[in-house]
Amino acid sequence: CRSRAQAVTGCTPRGGHRHCTVPRRLLQLYRQMELWVSATNALGTAESEHLHIDPMDVAKLDPPTLQSIQSIPFQTDCIALAWDVAWGTEHMELQCELRYRAPQDPAWALHWGHRAQHWGHTAQCWGHMTQHWGHRAQHWGHGHTSPSQLLPSPPVAAPTGKLDVWWGAQPAGSGGRLEVQLRWKAPRQREANGRVLGYRVTLSPRRRGRDPPSVCNTTHTQCNFSVPAATSRVYLSAYNAAGESTPTEVILLERKGQPLAGLRAVPGGEHSLWVHWEAPLAPVTAYILEWQRVTAEPGHCSTCWQMERDGAATTALIQDGIEPFQCYNISLYPLYEGTVGVPVHTTAYSQQKAPSHAPKLHLKRISKSEAELCWEPLPVEMQNGFITSYTIFWASSTTSVASATVNPSLSSFAIRGLKPSTLYKVHIMASTAAGSTNGTSLTLVTTVLDDSEIQFLFLSLGLVFVGLMALLICFQKNERMKEQLWPSVPDPANSSLGKWVPAAAPQEPLQVLAAREPGPAAISTVTVLEGEPGKQPGKEHPAPAAAPPALPRPYVRQEGPGEPVQYARVGGAGYRGQRLLPEPAPRFYENLRGRGDGGGGEWGFLEEPPATFPLLQGLRIGGAEELHEGRAD
């Protein structure tokens, strides 16, 4: 830079910077100066366009010095300031400006500006001065800013304004009382007028300096207490060292008003959510927004709510306590005149990512062609977003990977079309809108037969076993089976006929017909077949020519009135394969006569011998059957 003298080098940028500061000793005040930038390398030097300035227009002067900052008694929103200008600037015409801000405010507020002498003082008042914990004064003639200083602690006043209050109530058992959960927001610093020491809840307002009894006195922003069931109003006030605020009336209204429609929430950032809803037809005085973080162990956040005092609003921004990858339940209550609307609910994430884990698969049922799997839903802390779907993958050593997408509301899935007696590997993948996570693999082997086939096989084997056991028992009980299948025929030799002795002639023994015949027997009926006419007893006749065998004729015994009963049959061909013995010579029985009396038999003597008796092949006596061979005369 240069004036009318020789050019001098004012500053050299370092570290690749594109700016530098010209020292004040090189500046000549109240004179025109010329400034430019030159660049030099091995090929030469180049200069920028020359700038003509007055240093008084661009120079930064030394800042003023604040001498004192004091509060004004009985004026809680006023302070008194005193300062001195920098040395060497007494002859200059300066403009001083004062800026201030609260600790939580990012921007400074300009309060006043005026012409200043080499020293000055002023008294300034701001509304609710106690909220401004810092200020800084700035001396401008293109000068430097003085360092910030803290304000002194002025006298405090009682809190002002009304508190934002929200409540819930429910009956307390059968004692006729009401359990109330009261929550409120701390007053703004402008309204707190200092440090709030506590809050008090009463059932009636303070009147004529008389303090009603408190049902709750706390330093927190919530309180639970019990009141009579007929209570419809409570009063909340905040107090500090200077006094107590005007009570805020809380009306315990019933929640039965018209609900809202179309509630939804969208991310507003990593730590915020925008909530949108449709305005109801009825006029609304305010809205209450509640939100709770969804966890495996339900909790309650006393500060997770806010009041929207604009009844025409349809959107609200939630910023308190919102964390990414966490699910929040959001409820919205419309406040009508004289009632509270029924709440509507929704859920939202401020930011999503892939789930931390995938569910663990369990085998529920398996057959030769089907496998049913089940899993436990992921805990909400591990979901990291809304689960959009589950995907099941399975494959064997001989088949390619197959997959199926499952609705996130389901917790089981059946894989069909598998091959019998085959090993498969299965795993599950959980997905959100921001990504997916695979689970561990599950190995399973299909069966050779289905359950129904196994049951049929066992049933068949059981039936075969039962049949074999039955046959074995039958063979062990052979005699009983014979009696069931082939009834035994009574032996005629054991009949009572062979042991019968006539009662009418006990003194005359009955001659035995043959050596093998049994002893006397009771004869109930005797049927005699007449022989051929002209044949004499004791005489043999030559055998006639072969003729057809005579058909057997039945012999019937008539016991009494009713149907006759067949008791014997005489045939010409023997009895069941009986071999006919050679016909012996007929025996002559003289003077033998028989008569039946229904029970037994009676024999007498005949004067004339009877005709030749035919061959008696079969005789049934008293239910028994006797076989006789030969001919009786």
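Okay, so the sequence shown: first residue is 664 according to my numbering, each after it adds one.
Here a beta-carbon is modelled for each residue, glycine too, at the ideal position from N, C-alpha and C.
As the structure is a computational prediction, the values presented were derived from the model and not from experiment.
Boundaries (first-last residue) of the alpha helix (DSSP H) holding residue i
i            : result
residue 756  : Element bounds for residue 756: n/a, residue is neither H nor E.
residue 1044 : 1043-1046
residue 721  : 718-721
Residues near residue i in its chain [Cβ-Cβ closer than 6 Å; skip 5 each side]
i            : result
residue 846  : 829, 885 and 965
residue 1087 : 1057, 1059 and 1107
residue 1066 : 1054 and 1056
residue 984  : 967
residue 1241 : Caution applies to residue 1241, whose pLDDT of 48 falls short of 50 and renders its modelled position unreliable; the value that the coordinates give is listed next. Closer than 6 Å at Cβ, skipping near neighbours: no residue.
residue 1036 : 1024 and 1076
residue 868  : 898 and 910
residue 685  : 673 and 674
residue 1085 : 1059 and 1109
residue 1105 : 1024 and 1089
residue 1298 : Outside the displayed range of the chain (664 to 1296) lies residue 1298, so it cannot be described from this structure.
Inter-residue CB distance, residue i and residue j (contact presumed, cutoff 8 Å)
i            : j            : result
residue 891  : residue 839  : 7 Å
residue 822  : residue 902  : 7 Å
residue 648  : residue 727  : With the chain running from 664 to 1296 in the structure shown, residue 648 is simply not present.
residue 1091 : residue 1022 : 6 Å
residue 1109 : residue 1034 : 7 Å
residue 864  : residue 879  : 4 Å
residue 931  : residue 941  : Rounded, the Cβ-Cβ distance is 19 Å, inconsistent with contact.
residue 911  : residue 826  : 5 Å
residue 1111 : residue 1031 : 6 Å
residue 729  : residue 749  : Wrong, their Cβ atoms sit about 12 Å apart, outside the cutoff.
residue 995  : residue 938  : 7 Å
residue 904  : residue 857  : 7 Å
Same chain only: Cβ atoms within 7 Å of residue i, ignoring 5 sequence neighbours per side
i            : result
residue 992  : 954, 955, 957, 1008 and 1010
residue 1042 : 959
residue 1179 : The predicted model places residue 1179 with a pLDDT of 48, which falls under 50 and marks its position as unreliable; any figure quoted below should be read in that light. For residue 1179, where only same-chain residues beyond five positions count, there are no Cβ hits under 7 Å.
residue 943  : 921, 923 and 997
residue 770  : 764
residue 682  : 676
residue 672  : none
residue 949  : 970, 971, 972, 974 and 998
residue 881  : 861 and 862
residue 835  : 841, 842 and 889
Start-to-end residues for the beta strand (DSSP E) that takes in residue i
i            : result
residue 1069 : 1065-1069
residue 878  : 877-881
residue 1024 : 1024-1029
residue 1157 : Premise fails: residue 1157 is in no beta strand (DSSP E) and is neither H nor E.
residue 955  : 949-956
residue 976  : It is not in any beta strand (DSSP E) - residue 976 carries neither H nor E in the DSSP assignment.
residue 863  : 861-865
residue 1008 : 1007-1012
residue 707  : 707-710
residue 1034 : 1033-1038
residue 1055 : 1052-1059
residue 990  : 990-999
residue 968  : 968-971
residue 960  : Run containing residue 960: none; DSSP gives neither H nor E here.
residue 623  : Not covered by the structure: residue 623. The range shown for the chain is 664 to 1296.
residue 671  : Note, residue 671: premise wrong, no beta strand (DSSP E); not H, not E.
Neighbourhood of residue i by C-beta distance below 8 Å, restricted to the same chain and skipping five residues each side
i            : result
residue 1095 : 1015, 1016, 1017, 1018, 1046, 1047, 1048, 1049, 1050 and 1051
residue 895  : 914 and 915
residue 1206 : Annotation note: pLDDT 48 at residue 1206 (below 50); position unreliable, coordinate value reported separately. Nothing listed; no residue qualifies.
residue 680  : none
residue 1134 : none
residue 1120 : 1112
residue 1377 : Summary: the structure shown does not reach residue 1377, with the chain confined to residues 664 through 1296, and so no result is reported for it.
residue 1260 : Per-residue confidence for residue 1260 stands at a pLDDT of 47, beneath the threshold of 50, marking its modelled position as unreliable; the derived number appears in the next sentence. Counting only Cβ-Cβ distances below 8 Å, and skipping sequence neighbours, we find nothing.
Checklist entry - Is it a yes or a no for the stretch 956-967 touching the stretch 914-925, going by three-plus beta-carbon pairs under 8 Å? => result no
Checklist entry - Can you give, in chain order, each stretch of the alpha helix (DSSP H) that sits fully within the stretch 818-856 and has at least 4 residues? => result 852-855
Checklist entry - Which ranges would you report for the beta strand (DSSP E) in the stretch 1080-1132 if only whole runs of at least 3 residues count? => result 1086-1095, 1098-1101 and 1105-1108
Next on the checklist: List, from N- to C-terminal side, the beta strand (DSSP E) runs of 3 residues or more that fit wholly inside the stretch 873-934.
Outcome noted: 877-881, 885-891, 896-903, 911-914, 918-920 and 924-932
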